[in-house]
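Enquirer: The letter at position 125 of the sequence shown is residue 125 when you use UniProt numbering, and the numbering goes up by one with no holes.
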Amino acid sequence: MKDGTREDYLLLEEKEKPFLALTAARVLDELRRAGEVTLEGYRITRLEHGLQSATRAERDGADLDWIVGALLHDIGDGLAPQNHDRMSAEVIRPFVRWDVAWVVEHHGIFQMLYYAHHYGWDRNARDRFRNHPCFDNCAEFCERWDQSSFDPDYDTLPLEHFEPMVVEVFSRKAYDKAVLQEGYVSRLVA
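(1) His161: buried (16+ other C-beta within 10 angstroms of its C-beta) or exposed?
(2) At 4 residues or longer, what runs of the alpha helix (DSSP H) sit wholly inside the stretch 137-188?
(3) What is the rounded straight-line gap between the Cα of His132 and the Cα of Asp155?
(4) If contacts are defined as beta-carbon pairs under 8 angstroms, then Phe170 and Phe95 qualify, I think. What distance do you get, rounded to the angstrom?
(5) Assign Arg93 to buried or exposed, taking buried as 16 or more other Cβ atoms, counted over all protein chains shown, within 10 Å of its Cβ.
(6) Give me the Cβ distance between Val104 and Asp85, rounded to the nearest whole Å; I'm assuming they're in contact under 8 angstroms.
(7) Identify the continuous alpha helix (DSSP H) that holds His49 and give its terminal residues.
(8) Can you give the Cα-Cα distance for Ala21 and Asp151, rounded to whole angstroms?
(9) Below 8 angstroms on the Cβ atoms is my contact criterion, and I expect Tyr184 with Arg97 to pass it. Report the Cβ-Cβ distance as a whole number of Å.
(10) Would you mind reading off the limits of the alpha helix (DSSP H) that contains Ala21?
(11) In three-state terms, what does DSSP make of Gly69?
(12) Decide if Asp8 is buried, meaning its Cβ has at least 16 other Cβ atoms within 10 Å, or exposed.
(13) Do Leu31 and Gly50 count as a contact pair if the criterion is CB distance below 8 angstroms?
(14) In three-state DSSP terms, what is Phe110?
(15) Please return the same chain residues whose Cβ sits closer than 8 angstroms to the Cβ of Ile44, not counting the five positions on each side in sequence.
(16) Would you call the CB atoms of Ala24 and Val166 closer than 8 angstroms?
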């Protein structure tokens with residue numbers, strides 16, 4: 001790489017454009033793969049969980065970034081189950097507001113409130129983030145959209161409903177400051 005010229009890298013940049021333009025398609029493919037497996041003990045697939053979370057977010061009046069964040073909050077689970085929250089956040093981070101990415105990145109530790117005590121773990125581990133400006137949003141995200149979205153009888157919207165939203169978000173310019181809005185904390189619901 002160190003021997004590459006400016007012309008080499010401009011050529012590579014141009015050649016990468018078609019691949020980058022297919023990011024939304026790859027994300028949607030990963031979601032579909034998540035629908036092929038129901039983990040032992042669960043009554044719905046990871047895809048159904050994401051769809052249910054996004055459906056709840058949309059019905060609560062959340063905006064596009066929150067809906068897509070809810071849909072994709074566990075997208076990293078297939079490859080990185082022990083740190084799926086951070087991996088999921090990295091998938092969406094270039095394309096959504098920073099607070100949405102922060103919530104997705106930290107939802108795993110916030111979810112421990114509901115189950116950690118059953119394993120002898122600290123269910124209040126999230127308290128180390130108590131002074132973070134996104135703490136309340138993350139707690140509410142988990143309460144409203146994540147922990148409640150394992151219901152096989154919930155009237156969940158299909159993936160086709162959310163596909164245009166995923167395409168819209170991943171069509172944005174990556175790391176656009178106008179999109180990321182660093183430091184701004186949005187409302188979870190309208």
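All C-beta atoms in this analysis are idealised placements derived from N, C-alpha and C, irrespective of residue type, glycine included.
Expert: Short version:
(1) Start at 1 with the first residue of the sequence shown, and residue 161 comes out as number 161. With fewer than 16 Cβ atoms within 10 Å of its Cβ, His161 is classed as exposed.
(2) You should have 159-170, 177-180.
(3) On the sequence shown, position 132 is the one that residue 132 refers to. On the sequence shown, position 155 is the one that residue 155 refers to. Distance between the alpha carbons of His132 and Asp155 is about 34 angstroms.
(4) Taking the sequence shown and counting its residues from 1, the one referred to as residue 170 is at position 170. Taking the sequence shown and counting its residues from 1, the one referred to as residue 95 is at position 95. About 6 angstroms separates the two Cβ atoms, so the contact holds.
(5) Within the sequence shown, the letter at position 93 stands for residue 93. Buried is the call here.
(6) Counted from its first residue, the sequence shown places residue 104 at position 104. Counted from its first residue, the sequence shown places residue 85 at position 85. Confirmed, about 7 angstroms.
(7) On the sequence shown, residue 49 is found 49 positions in, with the first residue counted as 1. Start and end: 46-59.
(8) Position 21 of the sequence shown holds residue 21. Position 151 of the sequence shown holds residue 151. Spanning the two alpha carbons is a distance of roughly 34 angstroms.
(9) As a first step, residue 184 is located in the sequence shown; it is residue number 184 there, counting from the start. As a first step, residue 97 is located in the sequence shown; it is residue number 97 there, counting from the start. Indeed they touch by this definition, with Cβ atoms about 7 angstroms apart.
(10) Stepping through the sequence shown from its first residue, residue 21 is reached at position 21. Residues 6-21.
(11) Here residue 69 corresponds to residue number 69 of the sequence shown, with the count starting at 1. Note: Gly69 maps to helix in three-state DSSP.
(12) Indexing the sequence shown from 1 puts residue 8 at position 8. Under this definition Asp8 is an exposed residue.
(13) Along the sequence shown, read from residue 1 onward, the residue named residue 50 stands at position 50. Along the sequence shown, read from residue 1 onward, the residue named residue 31 stands at position 31. Yes, the Cβ-Cβ distance between Gly50 and Leu31 is below 8 angstroms.
(14) Indexing the sequence shown from 1 puts residue 110 at position 110. DSSP places Phe110 within a helical segment (H, G or I) once states are collapsed to three.
(15) The sequence position of residue 44 within the sequence shown is 44, counting from 1. Once the five neighbours on either side are set aside, the close Cβ partners of Ile44 are Thr38, Gln52, Phe150, Asp151, Pro152.
(16) As a first step, residue 24 must be located in the sequence shown, where it is residue number 24. As a first step, residue 166 must be located in the sequence shown, where it is residue number 166. Yes, the Cβ-Cβ distance between Ala24 and Val166 is below 8 angstroms.
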